[in-house]
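A.B. asks: Structure provided below as structure tokens; questions to follow.
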Amino acid sequence: MSDPVTTPGSAAHQRIDTSVPHSARIWNYWLGGKDNYPVDEAAGDAYTAVFPGIVTIARSSRAFLRRNITYLVAEAGVRQFLDVGTGLPTADNTHEVAQRIAPETRIVYVDNDPMVLSHARALLYSTPEGATAYIDADVLDPERVLEDAAKTLDFAQPVALILSNILGHVADYDQARSVVTRLMDALPSGSYLSVNDGSRGTDPEFEQAQDAYNESGAAPYVLRTVEQITAYFDGLELVDPGVVPVTLWRPDAGSPAPEPIGEHGGLARKA
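Here the working numbering is used: the first residue of the sequence shown is 343, the next is one more, and so on.
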């Protein structure tokens with residue numbers, strides 16, 4: 343295995359505060375990861391006491407991402423990934439899924455969380471045939487993301503852009519749409535966009551729990567309507583079955599019949 347490339351930015355100089363809960367560490371806790379602290383476990387347990395289904399949402403989101411990547415590599419032939427807002431590494435990270443199928447795949451991870459940066463070199467490794475890089479940058483600065491990603495990825499060839507549970511952290515919807523547009527405009531024909539985010543209109547209990555969390559003073563995560571999530575794919579060719587609850591997107595053969603949840607996602611190709 344070869345070492346990943348890490349491009350530091352401002353977050354590299356920030357102190358990791360373990361005295362207050364942090365959304366990335368709470369999400370890691372719900373996924374069954376170990377990169378969290380007692381304060382995060384307490385916050386995660388408090389949320390699940392109100393809405394136990396959040397653990398299912400977190401794990402279904404990860405499973406959706408795995409199935410997306412498997413399709414992209416095995417069926418669509420994609421060999422480059424730009425994963426923006428990757429969060430803390432857990433099981434079945436993008437490079438692990440992709441390089442198991444095609445070891446030559448190249449992946450660039452992007453996040454601006456100092457906690458994620460602290461784990462990037464230790465956990466995000468690559469096969470010798472491929473490459474893995476980490477960029478410390480903000481999703482709200484797409485031009486910086488693209489500039490640094492071009493050091494690892496060839497933008498003359500198709501790239502799959504992964505935006506998994508990150509756009510909900512962009513409070514202004516128009517700004518979130520702009521981020522998607524600016525990133526996809528830089529990618530060539532044959533590239534793909536994968537988006538999944540918490541949604542409104544499926545599970546009122548989830549919506550109530552998330553609204554209460556947002557009002558607690560924690561960094562908010564905005565649930566969006568299915569129509570708003572679908573609009574991220576405007577101008578692109580949606581892969582069947584379109585934008586659906588993540589549990590219903592090409593479920594694994596032989597798995598129990600999935601139930602809809604308050605997390606929608608889709609995958610689309612740039613013509």
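All C-beta atoms in this analysis are idealised placements derived from N, C-alpha and C, irrespective of residue type, glycine included.
Threshold first: 3 residues or longer. Then list the beta strand (DSSP E) segments lying entirely within the stretch 470-517, N to C.
C.D. replies: With a minimum length of 3 residues, the continuous beta strand (DSSP E) runs that stay inside the stretch 470-517 are 473-478 and 502-506.
A.B. asks: Taking Cβ positions, are P598 and P587 nearer each other than 9 Å?
C.D. replies: Counting from one through the sequence shown, the residue named residue 598 turns up at place 256. Counting from one through the sequence shown, the residue named residue 587 turns up at place 245. Taking 9 Å as the Cβ cut-off, P598 and P587 do not qualify as a contacting pair.
A.B. asks: Quick check: the Cα distance between L430 and L505, rounded to an integer number of angstroms?
C.D. replies: Looking up residue 430 in the sequence shown gives position 88. Looking up residue 505 in the sequence shown gives position 163. The alpha-carbon atoms of L430 and L505 are separated by roughly 14 Å.
A.B. asks: Beta strand (DSSP E) containing D453: first to last residue?
C.D. replies: For the purposes of this step, residue 453 is identified with residue 111 of the sequence shown, where counting begins at 1. Taken as a continuous stretch (DSSP letters only), the beta strand (DSSP E) holding D453 covers R448 to D453.
A.B. asks: Note the first and the last residue of the continuous alpha helix (DSSP H) segment covering D553.
C.D. replies: Within the sequence shown, numbered from 1, the residue matching residue 553 stands at position 211. Per DSSP, D553 belongs to the alpha helix (DSSP H) from P546 to N556.
A.B. asks: Taking C-beta to C-beta, are F423 and W591 nearer than 9 Å?
C.D. replies: On the sequence shown, residue 423 is found 81 positions in, with the first residue counted as 1. On the sequence shown, residue 591 is found 249 positions in, with the first residue counted as 1. In this structure, W591 does not lie closer than 9 Å to F423 by Cβ.
A.B. asks: Hey, is the stretch 398-413 in contact with the stretch 466-483, meaning 3+ C-beta pairs nearer than 8 Å?
C.D. replies: As far as the Cβ criterion goes, the stretch 398-413 does not touch the stretch 466-483, which means the pair count is below three.
A.B. asks: Can you give the Cα-Cα distance for L525 and E485, rounded to whole angstroms?
C.D. replies: One-based indexing of the sequence shown puts residue 525 at position 183. One-based indexing of the sequence shown puts residue 485 at position 143. C-alpha separation (whole angstroms): 8 Å.
A.B. asks: Which word fits I368, buried or exposed, when buried means at least 16 other C-beta atoms lie within 10 angstroms of its C-beta?
C.D. replies: Counting from 1 along the sequence shown, the entry for residue 368 is found at position 26. By the 10 Å Cβ count, I368 comes out buried.
A.B. asks: To the nearest angstrom, report how far apart A366 and R404 are at their CA atoms.
C.D. replies: The count along the sequence shown starts at 1 and reaches residue 366 at position 24. The count along the sequence shown starts at 1 and reaches residue 404 at position 62. Their backbone Cα atoms lie some 14 Å apart in a straight line.
A.B. asks: Let me know if S361 comes out buried or exposed under the rule of 16 or more other beta-carbons within 10 Å of its beta-carbon.
C.D. replies: Counting from one through the sequence shown, the residue named residue 361 turns up at place 19. Exposed: under 16 other Cβ atoms inside 10 Å.
A.B. asks: Assuming R542 is part of the beta strand (DSSP E), what are its boundary residues?
C.D. replies: Taking the first residue of the sequence shown as position 1, residue 542 is located at position 200. Y534 to R542 is the span of the beta strand (DSSP E), which, as asked, contains R542.
A.B. asks: Nearest-angstrom Cα distance between H437 and H364?
C.D. replies: Residue mapping note: residue 437 aligns to position 95 of the sequence shown, counting from 1. Residue mapping note: residue 364 aligns to position 22 of the sequence shown, counting from 1. If I take the Cα positions, the gap works out to 24 Å.
A.B. asks: For the stretch 508-524 and the stretch 566-580, state whether three or more C-beta atom pairs, one from each stretch, are separated by less than 8 Å.
C.D. replies: A contact exists between the stretch 508-524 and the stretch 566-580.
A.B. asks: DSSP three-state call for T567: helix, strand or coil?
C.D. replies: The residue labelled residue 567 in the question sits at position 225 within the sequence shown. T567: strand per DSSP, three-state reduction.
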